[in-house]
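In my numbering, the protein residues as written are 14 to 215.
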């Protein structure tokens, strides 16, 4: 009985190791491109037709944009989970969600606090804090993706430092700063996924 338990534990360890070394293929370049384009489009709309001198409205606007993108990826992951042909693929999807979920929850709570208190300094720091959380989320999920995803996390980290530096002047609340950081970041992610995982399959 003990030998059987040891064998099962060993098998579970092997599955965990394989899960860490196999790339997760639930994400592909198409939804990432759509997400990146939506970020640039949102920046263009805000810069051209919306006068958002109110920092609270700026944060609310980009919170809605982010929520729509999260919904897009949530639907994609949900479909991927339901259509998975093996328990291994489902475990992989579940593991990726667990890795990135703290980033989403932290971003949600931080945004709620910022919109609740409407403190100007906190609102001006939100773009940088979002980028910082996203960088940490990318680093957390890196074991499931190609090694070059490290550079995506590093890019978000540098962007976070830049946006936080701009925060005291209010320039962090610029439509194109947000659009270039998050839209450009998603397009970079799409390029990495395509180059490392998809082009070899075509």
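For each residue, glycine too, the CB sits at the ideal point set by N, CA and C. Since the structure is predicted, the reported quantities are computational estimates derived from the model, not experimental observations.
Within the same chain, 36, 37 come within 7 angstroms of residue 158 by CB-CB distance, once the 5 residues on both sides are set aside. Here residue 147 is near residue 116, since their CB atoms are less than 8 angstroms apart. Setting aside the 5 residues that flank it on each side, residue 124 is surrounded in the same chain by 76, each with a C-beta closer than 6 angstroms to its C-beta; the list follows chain order.
The way I'd put it, the stretch 64 to 83 does touch the stretch 125 to 138; three or more beta-carbon pairs between them come closer than 8 angstroms.
Of the other Cβ atoms in all chains shown, fewer than 16 fall within 10 Å of the Cβ of residue 61; this residue is therefore exposed. Take residue 172, set aside five residues on each side of it, and the residues of its chain with a beta-carbon closer than 6 angstroms to its own are 144, 194, in chain order. Residue 74 and residue 199 have their C-alpha atoms some 18 angstroms from each other.
Membership of residue 144 in the alpha helix (DSSP H) is indicated by the continuous run 133 to 154. Put simply, of 105, 210, 51 the residue whose alpha carbon is nearest the alpha carbon of residue 79 is 51.
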